[in-house]
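S.K.:
There are 2 protein chains.
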Amino acid sequence: MTTIGFIGLGIMGSPMAKNLLKAGYPLVVYDRNPPKVQDVVSAGAQPGLSSRDVAARSQVVITMLTDTPNVEAVVLGPNGVMEGIRPGATYIDMSSISPVFTRRLAQQMANKGVDMLDAPVSGGHTGAVNATLSIMVGGKQEVLDRCLPIFQALGKTIVWIGESGAGQVAKACNQIVVGLTIEAVSEALVLAAKAGVDPARVREALLGGFAQSRILDVHGGRMLRREFAPGFRLRLHEKDLHIALSTARELGMALPVTALVHEMMNAMQATGRGELDHCALVTLLEDLAQVEVKPAAQR
Amino acid sequence: MTTIGFIGLGIMGSPMAKNLLKAGYPLVVYDRNPPKVQDVVSAGAQPGLSSRDVAARSQVVITMLTDTPNVEAVVLGPNGVMEGIRPGATYIDMSSISPVFTRRLAQQMANKGVDMLDAPVSGGHTGAVNATLSIMVGGKQEVLDRCLPIFQALGKTIVWIGESGAGQVAKACNQIVVGLTIEAVSEALVLAAKAGVDPARVREALLGGFAQSRILDVHGGRMLRREFAPGFRLRLHEKDLHIALSTARELGMALPVTALVHEMMNAMQATGRGELDHCALVTLLEDLAQVEVKPAAQR
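Sequence lines, in order, name chains A and B.
Positions 1 to 299 (our numbering) are the ones given, in order, by the first sequence.
Positions 300 to 598 (our numbering) are the ones given, in order, by the second sequence.
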């Protein structure tokens, strides 16, 4: 079976690596944090000495890192993936990073005879553990076809979006819609609460019509129950909107509402709320309005 | 059977009045535009001479008008509803107007011995014709119970939200969520198109995850097909967000993203696009980005 190199064993990467082991893939892993390596090695993986070493020993190399600069350092930096990866190998970046950087990187990989896919995911820690991630893939469709068994060990919905970078674009679009919808639901529920109307009843009524969304359902419910433990950390959503905004700038276009919601997420971080779930964005408006979104029964 | 007075026979009011006739209610109608009265009289209604006359001849008076000033004029102005309505009668305002004004009006009606319900609807012209409107009701619950057969002749989902004005608050919340979600979908799809990624594939991928919403489905589909004939006119959505914003101001709270989307709707009207469907909001971003949200197959 294909030997897979896996770099980045955080809250997402670690359960994903373990699912690849469960599917029977020989795995070589690396993380700059040794205890995280040890944990996956206990589950059956081989430890790599560096990103370069992992790449040199694998036919498929996967990275799952938190931001564009991290991917740049791990892939292009000293002892990085680029130094070790072999012509004919495949590189899959499952991090959520800049689509523009992704396209550049795919070109550099191609120059070395390496096929690259960008394959960011949605579904969070739970999706990673249960192998139910949604995976948005950019790159050559035949490369995706070849790697499909690997993706099927990690996720449920695997969608080819387009050429290199297209997976990252789709992820940025996803985070725009999710972030802005959280804010939309927040403004509506805080208005209801401030007007003395039960926000739980308003949510119920709105779920039956054109205002329906998974965010109104799931995150609206969390807001009412004051469940702000993550879930998906607000500071990572801020990072994703930052990627969307810098991509838009490089392409020459404006995302006015994304920019405003990004500023609100910045304000959340500045006031110590970056580690909460992203639906805690509602508390920013609540502060301004001096009211809380609580069902009438609990007030 | 209860004689109903119906004032305001526009794109919504006219089919609603006809559904009440179909349900067997004796109907007295008025509109400042005589041909509209004539049309509903042909269907079996009695013509009233004025709003006052309609009110004097009815046990239940319904208004379906376009804005707060119109309701104010028709109810409190000369020859208005307040001059004619009888103690013991019920007044139902189905327009979408200010919750604050609604509460004041309900108090004035109570002083005259008249029960008032605010009962704004969502579902548009199609919902009005097919009697499938969603109706959000504010006022005393026992008054709603008494009037339920009337609402059942007009709509499908009838939800009691709370005391007087609560129906209007819920409607404002609905329009916030719908308007902001349209903008969220617009920013995502225009980013995809500008990045050279098929916006139709991005919409498909996003519908499978947390970004799912009825707006992404229905209005996203309309954007891709360039279907900008209304539907729900953008200028009426602008009016509804104006109501939400002035309500927020009166309550002492901020709705920052609603304010920005309201400004974008103003810009749409200023550039002659107020009569298009509200999903045409996407064209404002398209202008700025010099790109159109079209499926790759059609480019």
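The C-beta atom is built at its ideal place from N, Cα and C for all residues, glycine as well.
As the structure is a prediction and not an experimental result, all values here were calculated from the model.
1) Under 8 Å between the Cβ atoms of Pro529 of chain B and Asp576 of chain B?
2) Name the chain A residues that come within less than 7 Å of Gln511 of chain B, Cβ to Cβ?
3) Can you tell me where the alpha helix (DSSP H) holding Thr247 of chain A begins and where it ends?
4) Looking at the C-beta of Arg534 of chain B, does it have a partner C-beta in chain A at a distance below 8 Å?
5) When DSSP builds the beta bridges, which residues end up paired with Phe6 of chain A?
6) Quick check: is the beta carbon of Ser238 of chain A nearer than 8 Å to any beta carbon in chain B?
7) Please confirm whether Asp417 of chain B has its beta-carbon closer than 8 Å to some beta-carbon of chain A.
8) Please check if any C-beta of chain A sits within less than 8 Å of the C-beta of Met594 of chain B.
9) For Leu348 of chain B, count neighbouring Cβ atoms within 10 angstroms of its own Cβ and tell me buried if that reaches 16, exposed if not.
10) Anything in chain A within Cβ reach of Leu523 of chain B, meaning under 9 Å, just list it in chain order.
11) Ser397 of chain B and Thr301 of chain B - do their beta-carbons sit closer together than 8 Å?
12) Which residue comes first and which comes last in the beta strand (DSSP E) that contains Thr68 of chain A?
13) Which residues does DSSP pair with Val137 of chain A in a beta bridge?
14) Contact criterion: CB-CB distance below 8 Å. Does Cys578 of chain B meet it with respect to chain A?
15) Have a look at A:Leu236, A:Ala131 and A:Leu21 and flag the residue whose alpha-carbon is nearest the alpha-carbon of Gln152 of chain A.
16) If you draw a straight line from the C-alpha of Ala388 of chain B to the C-alpha of Thr570 of chain B, how long is it?
17) Excluding the five sequence neighbours on either side, which residues of its own chain have a C-beta within less than 8 Å of the C-beta of Glu537 of chain B, listed in chain order?
18) Go through its chain and collect everything with a Cβ distance to Ala192 of chain A's Cβ below 6 Å, but skip five positions before and after it.
19) Hey, which unbroken runs of the alpha helix (DSSP H) at 4 residues or more fall wholly within the region 369-428 of chain B?
20) Identify, in the order they occur along the chain, each residue of the same chain with its Cβ nearer than 7 Å to the Cβ of Gln175 of chain A, setting aside the five sequence neighbours on each side.
21) Just the C-alpha distance for Gly438 of chain B and Val413 of chain B, rounded to the nearest angstrom, thanks.
22) For Asn174 of chain A, would you say it is in contact with chain B, using Cβ-to-Cβ distances shorter than 8 Å as the test?
23) Looking at chain B, which residues of the region 50-65 of chain A have a Cβ within less than 7 Å of any of its Cβ atoms?
24) Anything in chain B within Cβ reach of Gly209 of chain A, meaning under 7 Å, just list it in chain order.
25) In angstroms, rounded to a whole number, what distance separates the CA positions of Asp315 of chain B and His518 of chain B?
26) Assess contact between the region 464-478 of chain B and the region 397-410 of chain B, defined as three or more Cβ pairs (one per stretch) separated by less than 8 Å. Is contact present?
27) DSSP on Ser320 of chain A, reduced to helix/strand/coil?
28) Based on the DSSP secondary-structure assignment, which residues constitute the bridge partners of Pro346 of chain B?
29) Give the range of the alpha helix (DSSP H) segment to which Ser14 of chain A is assigned.
30) Please work out which residues of its chain come closer than 8 Å, Cβ to Cβ, to Ser213 of chain A, disregarding the five sequence neighbours upstream and downstream, and give them in chain order.
31) Can you list, in chain order, the residues of its chain with a C-beta nearer than 7 Å to that of Leu320 of chain B? Leave out the 5 residues immediately preceding and following it.
32) Whole angstroms is fine: what's the gap from Glu187 of chain A's alpha carbon to Val121 of chain A's?
33) CA-CA distance, Phe531 of chain B and Gly423 of chain B?
M.R.: Concretely, from the data shown:
1) Looking up residue 529 of chain B in the second sequence gives position 230. Looking up residue 576 of chain B in the second sequence gives position 277. Yes; because the gap between Cβ atoms is below 8 Å, this pair is in contact.
2) In the second sequence, counting from the first residue as 1, residue 511 of chain B sits at position 212. The answer, in chain order, is Ser213 and Arg214.
3) Numbered from its first residue, the first sequence carries residue 247 of chain A at position 247. Residues Leu234 to Leu251.
4) If you number the second sequence from 1, residue 534 of chain B lands on position 235. It does not: the Cβ of Arg534 of chain B has no partner Cβ on chain A nearer than 8 Å.
5) The sequence position of residue 6 of chain A within the first sequence is 6, counting from 1. According to DSSP, Phe6 of chain A bridges with A:Val29 and A:Ile62.
6) On the first sequence, residue 238 of chain A is found 238 positions in, with the first residue counted as 1. For the sequence presented, residue 238 of chain A should be read as Glu rather than Ser. No, no contact with chain B.
7) For this step, residue 417 of chain B is matched to residue 118 along the second sequence. No, Asp417 of chain B lies away from the interface with chain A (no Cβ there is under 8 Å from its Cβ).
8) As a position in the second sequence, residue 594 of chain B is number 295, starting the count at 1. A small fix is needed here, since residue 594 of chain B is Pro in this sequence, not Met. No, because no Cβ of chain A sits closer than 8 Å to the Cβ of Pro594 of chain B.
9) On the second sequence, residue 348 of chain B is found 49 positions in, with the first residue counted as 1. By the neighbour-count rule (16 or more Cβ atoms within 10 Å), Leu348 of chain B is not buried but exposed.
10) Here residue 523 of chain B corresponds to residue number 224 of the second sequence, with the count starting at 1. Residues of chain A passing the Cβ test: none, with the nearest at roughly 13 Å.
11) Counted from its first residue, the second sequence places residue 301 of chain B at position 2. Counted from its first residue, the second sequence places residue 397 of chain B at position 98. Cβ distance not < 8 Å, so Thr301 of chain B and Ser397 of chain B don't count as in contact.
12) Locating residue 68 of chain A in the first sequence gives position 68, where the first residue counts as 1. Counting along the chain, Thr68 of chain A falls outside any beta strand (DSSP E), though it belongs to the alpha helix (DSSP H) covering Thr68 to Leu76.
13) Mapped onto the first sequence, residue 137 of chain A falls at position 137. The partner list for Val137 of chain A (beta bridge, DSSP) reads A:Trp160.
14) What you label residue 578 of chain B is simply residue 279 of the second sequence in a count that begins at 1. Chain A, which has no Cβ nearer than 8 Å to the Cβ of Cys578 of chain B, makes this no.
15) Residue numbering aside, residue 152 of chain A sits at position 152 when the first sequence is read from its first letter. Residue A:Ala131 is the option with its Cα nearest to Gln152 of chain A.
16) On the second sequence, residue 388 of chain B is found 89 positions in, with the first residue counted as 1. On the second sequence, residue 570 of chain B is found 271 positions in, with the first residue counted as 1. Approximately 45 Å between the Cα atoms of the pair.
17) Stepping through the second sequence from its first residue, residue 537 of chain B is reached at position 238. Within the same chain, Glu537 of chain B has close Cβ partners His561, Met564, Asn565, Met567, Gln568 and Gly573.
18) Reading the first sequence from its first residue, position 192 is the one you call residue 192 of chain A. So the list reads Pro199 and Val202, once near-sequence residues are dropped.
19) 380-383 and 398-410
20) Mapped onto the first sequence, residue 175 of chain A falls at position 175. So the list reads His237, Asp240, Leu241 and Ala244, once near-sequence residues are dropped.
21) For the purposes of this step, residue 438 of chain B is taken as residue 139 along the second sequence, with counting starting at 1. For the purposes of this step, residue 413 of chain B is taken as residue 114 along the second sequence, with counting starting at 1. Roughly 12 Å separates the two Cα atoms.
22) As a first step, residue 174 of chain A is located in the first sequence; it is residue number 174 there, counting from the start. It does: the Cβ of Asn174 of chain A has a partner Cβ on chain B nearer than 8 Å.
23) none
24) Working through the first sequence from its first residue, we reach residue 209 of chain A at position 209. In chain order: Ser421, Ser433 and Asn473.
25) Taking the second sequence and counting its residues from 1, one reaches residue 315 of chain B at position 16. Taking the second sequence and counting its residues from 1, one reaches residue 518 of chain B at position 219. The question names Asp, but residue 315 of chain B is Met in the sequence shown. Each residue's Cα considered, the two are about 25 Å apart.
26) yes
27) No information on residue 320 of chain A is available, as it lies outside the stretch 1 to 299 that chain A covers here.
28) Translated into positions along the second sequence, residue 346 of chain B becomes position 47. Partner(s): B:Val328.
29) Taking the first sequence and counting its residues from 1, one reaches residue 14 of chain A at position 14. Unbroken alpha helix (DSSP H) run through Ser14 of chain A: Gly13 to Lys22.
30) Within the first sequence, numbered from 1, the residue matching residue 213 of chain A stands at position 213. Excluding sequence neighbours, Ser213 of chain A sits near Thr181 and Val185.
31) Here the question's residue 320 of chain B lines up with position 21 in the second sequence. Only Leu326, Ala342, Gly343 and Ala344 meet the Cβ criterion.
32) The residue given as residue 187 of chain A occupies position 187 in the first sequence. The residue given as residue 121 of chain A occupies position 121 in the first sequence. In a straight line, the C-alpha of Glu187 of chain A is about 28 Å away from that of Val121 of chain A.
33) Taking the first residue of the second sequence as 1, we reach residue 531 of chain B at position 232. Taking the first residue of the second sequence as 1, we reach residue 423 of chain B at position 124. In a straight line, the C-alpha of Phe531 of chain B is about 6 Å away from that of Gly423 of chain B.
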